[in-house]
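Since the structure comes first, as structure tokens, the remarks are kept for the end.
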Amino acid sequence: MLTKRIIPCLDIKDGRTVKGTNFVALRDAGDPVELAATYAEAGADELVFLDISATHEGRTTLIDLVKKVGAVINIPFSVGGGINSKEIVYDILQSGADKVSVNSSAIARPALIEEISTAFGVQCVIVAIDAKCVDGQWMVHTHGGRKNVGLDLFEWAQQAESRGAGEILFTSMDHDGTKDGYALEALQKLNDLVNIPVIASGGAGKKEDFLDVLNGNIAQAALAASVFHYQEIKIPELKRYLSDNGISIRI
Amino acid sequence: MIAIIDYNAGNTRSVINALQRLGANPVLTADPAVILSADKVILPGVGHAATAMEALHERNLVDTIKAVKVPFLGVCLGMQIMLEFSEEGDVACLGLVTGTVTKFKSETEKIPHMGWNTVIPTDDALMKGIDDHAYFYFVHSYYVPKDQYTIAETSYILPFCAAMRKDHYWGVQFHPEKSASVGEKLLQNFLNI
Numbered sequence: 680m681l682t683k684r685i686i687p688c689l690d691i692k693d694g695r696t697v698k699g700t701n702f703v704a705l706r707d708a709g710d711p712v713e714l715a716a717t718y719a720e721a722g723a724d725e726l727v728f729l730d731i732s733a734t735h736e737g738r739t740t741l742i743d744l745v746k747k748v749g750a751v752i753n754i755p756f757s758v759g760g761g762i763n764s765k766e767i768v769y770d771i772l773q774s775g776a777d778k779v780s781v782n783s784s785a786i787a788r789p790a791l792i793e794e795i796s797t798a799f800g801v802q803c804v805i806v807a808i809d810a811k812c813v814d815g816q817w818m819v820h821t822h823g824g825r826k827n828v829g830l831d832l833f834e835w836a837q838q839a840e841s842r843g844a845g846e847i848l849f850t851s852m853d854h855d856g857t858k859d860g861y862a863l864e865a866l867q868k869l870n871d872l873v874n875i876p877v878i879a880s881g882g883a884g885k886k887e888d889f890l891d892v893l894n895g896n897i898a899q900a901a902l903a904a905s906v907f908h909y910q911e912i913k914i915p916e917l918k919r920y921l922s923d924n925g926i927s928i929r930i
Numbered sequence: 006m007i008a009i010i011d012y013n014a015g016n017t018r019s020v021i022n023a024l025q026r027l028g029a030n031p032v033l034t035a036d037p038a039v040i041l042s043a044d045k046v047i048l049p050g051v052g053h054a055a056t057a058m059e060a061l062h063e064r065n066l067v068d069t070i071k072a073v074k075v076p077f078l079g080v081c082l083g084m085q086i087m088l089e090f091s092e093e094g095d096v097a098c099l100g101l102v103t104g105t106v107t108k109f110k111s112e113t114e115k116i117p118h119m120g121w122n123t124v125i126p127t128d129d130a131l132m133k134g135i136d137d138h139a140y141f142y143f144v145h146s147y148y149v150p151k152d153q154y155t156i157a158e159t160s161y162i163l164p165f166c167a168a169m170r171k172d173h174y175w176g177v178q179f180h181p182e183k184s185a186s187v188g189e190k191l192l193q194n195f196l197n198i
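Spelled out as structure tokens, the structure:
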């Protein structure tokens with residue numbers, strides 16, 4: 680039986696792991712290669728690397744990092760952040776990553792999704808969407824949540840699917856950093872609308888939050904960062920808890 | 006020497022990394038002479054069947070693959086194109102094994118089939134020591150139907166072929182190079198054949 684996935688997310692800046700609370704304050708949470716290997720060993724099903732470097736030097740460091748991670752870990756991982764051409768995707772995949780995630784670049788130029796999926800297959804394209812609820816409507820945001828781009832979350836997700844996205848990674852900006860649980864209602868609606876897997880992101884604080892989001896058909900995977908980085912939740916215990924509560928999970 | 010066939014398939018780096026972790030000496034090559042002198046040959050692959058076949062034809066590798074006499078392993082798309090035909094791009098494939106690669110169809114289940122799923126192995130050298138219901142990592146929208154060559158099966162939407170063998174040609178639908186320690190065990194089994 681296909682299992683639900685637990686995905687630690689590593690935010691990377693200039694080759695180091697960082698994690699913001701509500702995308703603003705950044706704290707250092709360690710060496711990414713070591714952290715990735717630790718997660719793979721602990722039973723993470725997949726890893727997500729998100730590069731928030733703004734500089735060209737930071738990007739070069741990222742490729743080196745992908746090579747180092749790929750040499751060490753034996754589970755799938757994706758890389759995102761500033762990916763805006765299929766040439767960059769080629770470099771990242773050739774360096775050992777399995778997937779890329781695109782976000783604001785795809786909003787600026789939706790054909791990017793088709794270009795990547797046509798060249799490398801739908802399985803390697805995650806369309807990441809950051810959204811928050813504005814006057815009752817889930818609106819897509821960029822720039823760490825500061826810019827409302829005027830797109831409806833659900834319409835954009837459906838468009839991304841039709842353009843060749845293999846997965847949707849939805850982060851609720853309203854929930855991110857709150858540790859108060861995932862955006863269950865929005866996720867449920869999203870998951871019903873698209874026929875590709877949905878990764879839930881934003882709001883994980885305790886084991887019960889993972890159970891709530893992985894129960895039933897709300898999401899196929901749950902992503903979290905700080906609760907794992909600071910070992911507030913340990914992956915083997917989390918997976919045992921989920922399995923004991925009837926979730927299909929790899930142990 | 007293990008030859009990894011180089012035809013711009015996306016996951017070659019991952020396959021090389023995994024083999025190097027096992028202490029093997031993989032060589033990425035599109036040279037027929039190197040491929041035909043290898044002890045083992047691996048055909049990796051992610052992406053699109055028609056694109057993959059076009060790339061093999063461009064490099065004149067179809068006849069080379071058919072001439073391989075040593076243990077051969079196709080991975081994911083690399084396994085699918087070992088069949089006669091794929092519905093992905095409606096393309097004629099290598100024809101090493103009979104059958105047609107078929108698209109998953111479901112009103113209720115997500116496609117692609119993506120993530121870790123259980124595999125039920127049979128008694129084959131490639132599956133030696135792999136537990137019943139061991140977890141492997143899958144990513145695919147097309148599948149190989151179960152038939153007489155199936156040596157392991159998995160269920161998603163329907164039971165399908167997770168691994169196959171005909172003579173010295175093996176194929177796996179999942180990604181052993183991304184399937185943690187159990188995937189490494191399978192690759193080690195292939196190296197041991």
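Chains as they are written, first to last, in the numbering used here: chain L, 680 to 930; chain Y, 6 to 198.
From the three backbone atoms N, C-alpha and C, an ideal C-beta is built for every residue, glycine too.
Since we're looking at a predicted model, the values are computed, not measured.
What does residue i touch in chain Y if you count any residue whose Cβ is under 8 Å from its own?
i: L/R684; result: G120, W121
i: L/N894; result: Per Cβ cutoff of 8 Å: no residues; L/N894 is ~16 Å from chain Y at best.
i: L/D809; result: Residues of chain Y passing the Cβ test: none, with the nearest at roughly 22 Å.
Would you say residue i lies against chain L (beta-carbon separation less than 8 Å)?
i: Y/E189; result: yes
i: Y/P164; result: no
i: Y/P117; result: yes
i: Y/Y161; result: yes
i: Y/Y140; result: yes
i: Y/V144; result: yes
What are the boundary residues of the beta strand (DSSP E) that residue i is part of?
i: L/Q816; result: 816 to 821
i: L/K826; result: 826 to 831
i: L/T850; result: 846 to 851
i: L/K811; result: 804 to 813
In whole angstroms, give me the CA-to-CA distance for residue i and residue j.
i: Y/V46; j: Y/K71; result: 12 Å
i: L/R842; j: L/L830; result: 16 Å
i: L/K747; j: L/A715; result: 10 Å
i: L/T850; j: Y/H62; result: 43 Å
i: L/F702; j: Y/P164; result: Residue placement at L/F702 is poorly supported in this model, since its pLDDT is 38, which falls under 50; the coordinates are not used for a value here.
i: Y/V51; j: L/G800; result: 7 Å
i: L/D730; j: L/N763; result: 13 Å
i: L/G895; j: Y/N30; result: 45 Å
i: L/I874; j: Y/S160; result: The question names Ile, but residue 874 of chain L is Asn in the sequence shown. Cα-Cα distance, rounded: 18 Å.
i: L/Q816; j: Y/G83; result: 44 Å
i: Y/D78; j: L/N753; result: Before going on, a small fix: residue 78 of chain Y reads as Leu here, not Asp. Their backbone Cα atoms lie some 19 Å apart in a straight line.
i: Y/G188; j: Y/E158; result: 15 Å
i: L/Q910; j: Y/A43; result: 46 Å
i: L/R919; j: Y/G120; result: 18 Å
For residue i, decide whether its Cβ has a neighbour in chain Y, counting only Cβ atoms nearer than 8 Å.
i: L/M680; result: yes
i: L/I691; result: no
i: L/C812; result: no
i: L/E846; result: yes
i: L/C803; result: yes
i: L/Q899; result: yes
i: L/A719; result: yes
i: L/D871; result: no
i: L/D770; result: no
Just curious, the alpha helix (DSSP H) that residue i is in, first and last residue?
i: L/R929; result: It is not in any alpha helix (DSSP H) - L/R929 carries neither H nor E in the DSSP assignment.
i: L/S880; result: Run containing L/S880: none in the alpha helix (DSSP H); it sits in the beta strand (DSSP E), 877 to 880.
i: L/Y920; result: 914 to 923
i: Y/P37; result: 37 to 41
i: Y/R64; result: Neither: Y/R64 is in no alpha helix (DSSP H) and is coded neither H nor E.
i: L/P711; result: 711 to 721
i: Y/S111; result: Where Y/S111 is concerned, there is no enclosing alpha helix (DSSP H), given that its DSSP letter is neither H nor E.
Starting from residue i, find everything on chain Y with Cβ-Cβ shorter than 9 Å and list it in chain order.
i: L/S774; result: R18
i: L/P687; result: Within chain Y, no residue comes near L/P687; the closest Cβ sits about 15 Å away, beyond 9 Å.
Which chain Y residues sit within Cβ distance under 7 Å of residue i?
i: L/A750; result: N22
i: L/A879; result: Going along chain Y, no residue has its Cβ under 7 Å from L/A879, so there is no contact; the nearest lies around 14 Å.
i: L/N932; result: Outside the displayed span of chain L (680 to 930) sits residue 932 of chain L, for which this structure offers no information.
i: L/R929; result: W121, Y140
Give me the chain L residues within the contact set of residue i, using Cβ-Cβ distance strictly less than 7 Å, ordered along the chain.
i: Y/K183; result: N753, I754, P755, D777
i: Y/S91; result: None at all; the shortest Cβ gap to chain L is about 13 Å.
Could you confirm whether any beta carbon from chain C is found closer than 8 Å to the beta carbon of residue i?
i: L/Q867; result: Any reference to chain C falls outside this structure, whose protein chains are L and Y.
- prompt: Does the count of Cβ pairs from the region 180 to 192 of chain Y and the region 20 to 38 of chain Y closer than 8 Å reach three?
  reply: yes
- request: Report yes or no: do the region 751 to 767 of chain L and the region 917 to 928 of chain L share at least 3 C-beta pairs separated by less than 8 Å?
  value: no
task: Examine the Cβ distances between the region 896 to 903 of chain L and the region 683 to 696 of chain L and report whether three or more of them are shorter than 8 Å.
output: yes
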